[in-house]
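Please read the structure below before turning to the comments.
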Amino acid sequence: MIDEILALGFDRVELSHGMSVSLLPGILGRVKEKAVTVAGLHNFFPAPLDVRGDSPDAFQFTSHRPAERRRALDLSKRTIDQAASFGARYVVLHMGSVPLFRSKDGSRLLEARARRGFLDSREYAELKGKIVRRRRRLAPLYVERALIALRELADYAGGTGVTLGVEARSHLEQVPDEEEMELFMREFADVPHVGYWHDFGHVQRKHNLLLLDHRQFLERMRPYLVGGHVNDVRWPDRDHRVPFDGGVDFEGLCALFTPEMPLTWELSSSRSAGEIAAAAVRWEALIGK
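With our numbering applied, the sequence shown corresponds to residues 72 to 360, in that order.
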């Protein structure tokens, strides 16, 4: 896996959720040989042994079950320790969710209507308003649980050299939403190792559903920005495409990042090596500007 990434011209990696512990020896070997640098980790790493498949939200800080909240914290601390052992700069965190519906979540309902051409309809506007109001009514309990978890993790990460990046999410029911993200960042404004992690694909999906304006939101979060996940979106909700294969305005948005901030490509496994290599050439030209 590492050699394939190196062959594409990259020399740094983010180790992410879904990677089994069996991959660690090979990764460690390539790191010790100085063939590759681990820039950061995405919670939870490595994947918990009792979780099948790629499931970063298997244990949530917002759960009604205290044991699950404690497990999420313990696994996150393990990820922070692992990041420190690699000399990695950051750990990306998912903070949880607000349960909305028993069947389909709120964002899926909106995406389905957008795909059917109802984005500009009164029906769509009414459904969006209903879901947003329901979320606002239910959110405070879950937001407070997420904040309690982040406070504990911030204390744990202090002195490790690892920055905690609270990631922007793609779904209405996920925590934090845009207003809550500002609340989180204001609380931790004086904590240098806690910041905002921008995911271009996640935020573009909300932009496509008329839930926010991508550029305006990123400008608001710029004082807290520590890095981002790079991926494009084919309208309205197919994210993790290679850059320049969708609707994200990378040229305008990347100008809001400073050169030292990590911008990690987070792509679907269905993307080909040829697509990635071609996009990387265009990306280097953009970043050079």
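Even for Gly, the Cβ is constructed at its ideal location relative to N, Cα and C.
When you compare only the Cα positions, how much space is there between G158 and V107?
-> Cα to Cα, the separation comes out at about 12 Å.
Coil, strand or helix - Q245 by DSSP = Reduced to three states, the DSSP call for Q245 is strand.
Check whether the Cβ atoms of W354 and P307 lie closer than 7 Å to each other.
-> No, these two residues do not count as a Cβ contact at 7 Å.
Best match in K199, F130, R206 and H113 for proximity to T150 [C-alpha to C-alpha] = It is H113 whose Cα lies nearest to the Cα of T150.
Please go through the stretch 280-318 and give each complete beta strand (DSSP E) segment of 3 or more residues, from N-terminal end onward.
-> Uninterrupted beta strand (DSSP E) stretches at least 3 residues long and entirely within the stretch 280-318 occur at 296-301, 303-305 and 309-312, given in chain order.
Taking the C-alpha atoms as reference points, what is the distance between H242 and A210?
-> Those two C-alpha atoms are separated by around 14 Å.
Determine the burial state of R374: buried for a count of at least 16 other Cβ atoms within 10 Å of its Cβ, exposed for fewer.
-> Since the first residue of the chain shown is 72 and the last is 360, residue 374 is not available in this structure.
Give the secondary structure of H273 by DSSP, where H, G and I count as helix, E and B as strand, and everything else as coil.
-> H273 falls in the helix class under three-state DSSP.
Alpha helix (DSSP H) containing L324: first to last residue?
-> That run of the alpha helix (DSSP H) goes F321 to C325.
I think Y161 touches P333, with their Cβ atoms under 8 Å apart; what is that distance to the nearest whole Å?
-> Right, their Cβ atoms sit about 7 Å apart.
Find out if the Cβ-Cβ distance for the pair Q131, G188 is shorter than 7 Å.
-> The answer is no: Cβ separation not under 7 Å.
Can you tell me where the beta strand (DSSP E) with G230 in it begins and where it stops?
-> Unbroken run through G230: none, as it is neither H nor E.
Are at least three pairs of beta-carbons, each pair with one atom in the stretch 294-307 and one in the stretch 258-275, less than 8 Å apart?
-> They touch, by the three-pair rule.
In angstroms with no decimal places, state the Cα-to-Cα distance between R123 and K360.
-> Rounded to whole angstroms, R123 to K360 spans 43 Å at the Cα level.
Residue burial classification, K277 (beta-carbon count within 10 angstroms, cutoff 16) = Classification of K277: buried, given that the 10 Å Cβ count is 16 or more.
N- and C-terminal bounds of the alpha helix (DSSP H) containing V163 = Going by DSSP, V163 is part of no alpha helix (DSSP H) but of the beta strand (DSSP E) stretching over Y161 to L164.
Please say whether E253 and D176 have beta carbons closer to each other than 7 Å?
-> No, they are not a contact pair.
Could you spell out where the alpha helix (DSSP H) holding A183 opens and where it closes?
-> Here the alpha helix (DSSP H) through A183 covers G177 to R186.
Residue of V163, L95, L289 and H264 minimising C-alpha distance to E337 | Comparing Cα positions, the closest option is V163.
In its own chain, which residues sit with a C-beta less than 7 Å from the C-beta of M153, not counting the 5 before and 5 after it?
-> Residue 153 is actually Gln in this sequence, not Met. The beta carbon of Q153 is closer than 7 Å to those of L112 and F116 in its chain, skipping five residues each way along the sequence.
Cβ-Cβ distance between L283 and E249 below 7 Å = Yes, Cβ-Cβ distance for L283 and E249 is below 7 Å.
Through-space distance from V237 to L146, alpha-carbon basis = Their Cα atoms are separated by approximately 16 Å.
Rounded to a whole number of angstroms, what is the C-alpha to C-alpha distance between A183 and L198?
-> One C-alpha to the other measures close to 12 Å.
Of all Cβ atoms in chain D, is any one closer than 7 Å to the Cβ of E250?
-> Of the protein chains in the structure, only one exists, and it is not chain D.
Taking only runs that begin and end inside the stretch 98-147, name each unbroken beta strand (DSSP E) of 3 or more residues, in chain order.
-> The stretch 98-147 contains these whole beta strand (DSSP E) runs: 108-113.
With a CB to CB cut of under 6 Å and the five nearest residues on each side skipped, what residues in its chain are close to L327?
-> Short of 6 Å from the beta carbon of L327, and not among the five residues preceding or following it, lie these beta carbons of its own chain, in chain order: L289 and R293.
C-beta contact flag for A110 and E139 at 7 Å = In this structure, E139 does not lie closer than 7 Å to A110 by Cβ.
Look up W268 in the DSSP assignment and give the residues it is bridged to.
-> Per DSSP, the beta bridge partners of W268 are E238 and G298.
Can you name, in chain order, every residue of its own chain whose Cβ lies under 8 Å from the Cβ of C325, other than the five neighbours on each side?
-> Excluding its 5 nearest sequence neighbours in each direction, C325 has C-beta neighbours in its own chain below 8 Å: L334, L357 and I358, listed in chain order.
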